[in-house]
Amino acid sequence: MKGKRLNLWGWFWAVAAMLYFFVPMYGTLDFSLRMKKGLISLLAYRTVLADSQFLASFRYSAIMGLITVTISVLIFVPTVYWIYLRLPGARPIIEIITILPFIIPVIVYVFGLIRTFSGPPFQLTLTPFKTDILITAGYIVLSMPYMFRAIDVGMRTIDVRTLTEAAQSLGSNRFQILVDVIFPNLRIAILSGALICFATVIGELILGDFLVRPALGPYMVLVGRSRAFEPAALAIMSYALTWICLGLIQFFSRGGSTQQQLTGR
Amino acid sequence: MPSHLHMKPSSMQKSPAFPFSDWIGLVPFFIFILAFLILPSLNLFSGAFKDSQGNFTLANLNFLTDQYVLKSYAISLEVSVITSLAGGVFGFFVAYAITIGDTPRWVRNILMTFSGLAANFGGVPLAFAFIATLGRTGFITAFLKSICYADAAGAQICPFNPYDHGFNLYSMSGLALAYMYFQFPLMVLTITPALEGLKKDWREASENLGATSLQYWRDVAFPILWPSILGATILLFGSAFGAFATAQALTGGSIYLVTILIGQQIRGDVLGNPNEGYALALGMVIVMAITITAYTILQRRTTRWLKV
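This is the structure we're talking about:
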């Protein structure tokens, strides 16, 4: 008797949650397929994919994503390696620093970034190239909590000291140790960090918007203001992209201890 | 895990000395952080206490008591409190359903996976999804509108159009519904481990002592869980309070959240004195700092219990 009642109560909430998940998703999908009156068609998707502005902004965001991932990995893998090897005591401080982007709202951070770098002595907003340097730095900071945690979790599973000592006794220098020993051992952690980092850059609005760069986020806002069906198609496409990124992470970290990541807006 | 554990003692012995050679590997990281995180933050902080000539002043802080600004803080707090409480309660029961509630394994898998997806799904696409679903021509709106009947005089009556009952997606209630899409999944993700930590023995022991289900929850489970529940709710509060993109894309900036106001300040639209924008931003950072401190303290309490 009692067990059954509990079960119903549980089912009620489980079903409610599934409805909250699926109804907007289904509604969006349905809406995105109705651009041609009275017909189900992929016209909205075709329109988006044929829009040269979409392609340009997607390419821009994807390239920035790749650059961000590369630099981010180059900064954080050696840093975390060094912490584990030489300075475990510094880990709490570094950890607090790396979650700061969660504490400071993105809009506040971008405000500070723009006010700092839009005038002397460190002006970085005069040319598109310099602004791209600034925006990359911003992306690295915003995705830092994910990247640091992914690499930190990965580094925890390997025995950094033993590996380092073994490599040293075989005559490797620090650079060789990082490239030939640490990176290959961390490839799954790096990959999952990279995927979240990439997804963050692709979905980011505020930096691209306020630094006036042709990123995907500002493009989407623009489309949202002037079109009806294309935004729904874009939403489905970005659902799919988030889905693929998370799916890949789960696939690569099967059995590992990579945690579910929290929020990125 | 083990390698991490046995590293601790050696770090204890070493940490007081910290010779420079130990820090050299962290120099690139610190230079980067200094330039692109610390410097902008310090600028923000010092800017809040400067007038337009760069002299020290507290006048900008007066701006925080401006009616317009207070209103925007009130709106931001309202959306954040409502969605964190509602999302917290909803998320808690969903987490309950998939842990103690005995729903099948596949339900749990689906809900956990979707929570991971939805908690990461925010910003502009989220606004688009809700416009397509609940906007004036959205999927659900169209469906509810189509439920019609003819009254005695033969006129068509469609009693379920939500827009006839004061609902508007492009207002506070719409924004709150959209925020809920990432709020309750975030709760599910953060509270599920705590619910999993509730030992079956505790329930059995209390039942053996004659406790009812209500007594078990009130006297045993809840006292153990409340720090995690409160902590997770605070986390939800923070995630709504700092959100910008969804509100911007959904309402075009017509709801004056603090984040929207700061955005307009960056564009140079509204406020006369740019330094007042710093004060606005400082206010937000203070709210977030309080939030995260409370979260961290509560988190400590929780982990102590769950490790036992």
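Residue numbers (the working numbering), protein chains in the order written: chain A, 225 to 489; chain B, 806 to 1113. From the three backbone atoms N, C-alpha and C, an ideal C-beta is built for every residue, glycine too.
Just verifying my parser: in three-state terms, what is the DSSP assignment at residue i?
i: phenylalanine 861(B); result: strand
i: lysine 1004(B); result: coil
i: isoleucine 468(A); result: helix
i: tyrosine 873(B); result: helix
i: isoleucine 962(B); result: strand
i: tyrosine 363(A); result: helix
i: lysine 855(B); result: strand
i: tyrosine 954(B); result: strand
i: isoleucine 401(A); result: helix
i: phenylalanine 476(A); result: helix
i: leucine 810(B); result: At leucine 810(B), the pLDDT of 41 sits below 50, so the modelled position is not reliable and the matter cannot be decided from this model.
i: alanine 240(A); result: helix
i: isoleucine 321(A); result: helix
i: tyrosine 314(A); result: For the sequence presented, residue 314(A) should be read as alanine rather than tyrosine. Alanine 314(A): helix per DSSP, three-state reduction.
i: threonine 487(A); result: Low confidence applies here, because threonine 487(A) scores a pLDDT of 36, under 50, leaving its location unreliable; read the following figure in that light. It is coil, neither helix nor strand.
i: asparagine 914(B); result: helix
i: threonine 1017(B); result: coil
i: glycine 262(A); result: coil
i: threonine 1101(B); result: helix
i: phenylalanine 453(A); result: coil
i: lysine 226(A); result: Bear in mind that the predicted position of lysine 226(A) carries a pLDDT of just 46, short of 50, making it too unreliable to give a figure here.
i: leucine 394(A); result: coil
i: arginine 373(A); result: helix
i: tryptophan 233(A); result: helix
i: valine 436(A); result: coil
Out of the options, point me to the one whose CA is closest to residue i's CA.
i: isoleucine 406(A); options: Asp383(A), Met461(A), Gly427(A), Val425(A); result: Asp383(A)
i: threonine 997(B); options: Pro964(B), Ile1034(B), Val1025(B); result: Ile1034(B)
i: leucine 458(A); options: Leu402(A), Phe282(A), Val239(A); result: Phe282(A)
i: proline 325(A); options: Gly432(A), Thr388(A), Tyr363(A), Leu311(A); result: Tyr363(A)
i: threonine 904(B); options: Gln1053(B), Gln872(B), Leu890(B), Leu1000(B); result: Leu1000(B)
i: glycine 852(B); options: Leu1087(B), Ile1095(B), Tyr986(B); result: Leu1087(B)
i: leucine 243(A); options: Leu875(B), Leu831(B), Trp1022(B), Phe895(B); result: Phe895(B)
i: isoleucine 887(B); options: Gln1070(B), Ile1039(B), Tyr1083(B); result: Ile1039(B)
i: tryptophan 233(A); options: Phe898(B), Leu831(B), Phe868(B), Ser885(B); result: Phe898(B)
i: valine 403(A); options: Trp467(A), Ile321(A), Leu387(A), Pro369(A); result: Leu387(A)
i: isoleucine 915(B); options: Arg380(A), Phe245(A), Ile460(A), Thr252(A); result: Phe245(A)
i: phenylalanine 335(A); options: Gly1015(B), Gly1082(B), Phe965(B), Tyr984(B); result: Gly1082(B)
i: glutamate 883(B); options: Ala1045(B), Gly1073(B), Arg910(B); result: Ala1045(B)
i: phenylalanine 850(B); options: Phe835(B), Ile836(B), Gln858(B), Leu866(B); result: Leu866(B)
i: serine 367(A); options: Leu435(A), Ile327(A), Phe353(A); result: Ile327(A)
i: leucine 1103(B); options: Leu1030(B), Ala934(B), Leu1085(B), Gly859(B); result: Leu1030(B)
i: methionine 461(A); options: Leu446(A), Phe278(A), Ile264(A), Asn231(A); result: Phe278(A)
i: valine 365(A); options: Ala391(A), Thr424(A), Ile307(A), Asn397(A); result: Thr424(A)
i: cysteine 469(A); options: Leu839(B), Phe948(B), Asn925(B); result: Asn925(B)
i: leucine 446(A); options: Trp1007(B), Phe933(B), Ala1099(B); result: Phe933(B)
i: phenylalanine 935(B); options: Tyr986(B), Leu863(B), Leu839(B); result: Tyr986(B)
i: proline 369(A); options: Arg385(A), Ile321(A), Ile357(A); result: Ile321(A)
Does the distance from the CB of residue i to the CB of residue j come in under 7 Å?
i: isoleucine 375(A); j: alanine 413(A); result: yes
i: threonine 1051(B); j: glycine 927(B); result: yes
i: proline 442(A); j: glycine 427(A); result: no
i: serine 881(B); j: valine 1063(B); result: yes
i: leucine 410(A); j: glycine 448(A); result: no
i: phenylalanine 399(A); j: alanine 268(A); result: no
i: phenylalanine 422(A); j: methionine 371(A); result: no
i: tyrosine 284(A); j: alanine 439(A); result: yes
Mind pulling the chain B residues with CB within less than 8 Å of residue i?
i: glycine 448(A); result: Val929, Ala932, Phe933, Ile936, Ala1054
i: arginine 310(A); result: Asp827, Gly830
i: methionine 249(A); result: Ala934
i: proline 455(A); result: Phe933, Ile936, Ala937
How many whole angstroms separate the CB atoms of residue i and residue j, which I take to be in contact at a CB cut-off of 8 Å?
i: leucine 980(B); j: threonine 1056(B); result: 7 Å
i: phenylalanine 944(B); j: aspartate 254(A); result: 5 Å
i: phenylalanine 346(A); j: threonine 340(A); result: 7 Å
i: valine 330(A); j: glycine 1047(B); result: 7 Å
i: tyrosine 1100(B); j: glycine 1036(B); result: 5 Å
Please confirm if residue i has its CB atom under 7 Å from at least one CB of chain C.
i: threonine 340(A); result: No chain C appears in this structure, whose protein chains are A and B.
Residue i versus chain A: which residues are under 8 Å apart at the beta carbon?
i: valine 884(B); result: Those do not exist, as valine 884(B) stays about 14 Å from chain A at its closest Cβ, beyond 8 Å.
i: valine 1025(B); result: Neighbours of valine 1025(B) on chain A: none; closest Cβ ~16 Å, over 8 Å.
i: alanine 960(B); result: Ordered by position in chain A, no residue passes the 8 Å Cβ test against alanine 960(B), which lies about 27 Å from the chain.
Using only the heavy atoms of the ligand ZN, determine whether one of them is closer than 6 Å to the beta carbon of residue i.
i: arginine 1105(B); result: Ligands are entirely absent from the displayed structure, and the ligand ZN is therefore not among its contents.
For a contact meaning CB atoms closer than 7 Å, what does residue i contact in chain B?
i: serine 462(A); result: Pro930
i: phenylalanine 255(A); result: Ala937, Gly943, Phe944
Whose Cβ in chain A lies nearer than 7 Å to the Cβ of residue i?
i: isoleucine 903(B); result: Ala238
i: glycine 1073(B); result: Under the 7 Å cutoff, chain A gives no residues; its nearest Cβ is about 11 Å from glycine 1073(B).
i: leucine 842(B); result: Leu324, Val365
Mind pulling the chain B residues with CB within less than 9 Å of residue i?
i: isoleucine 299(A); result: Pro833, Phe834, Phe837
i: isoleucine 412(A); result: Under the 9 Å cutoff, chain B gives no residues; its nearest Cβ is about 17 Å from isoleucine 412(A).
i: methionine 371(A); result: Within chain B, no residue comes near methionine 371(A); the closest Cβ sits about 12 Å away, beyond 9 Å.
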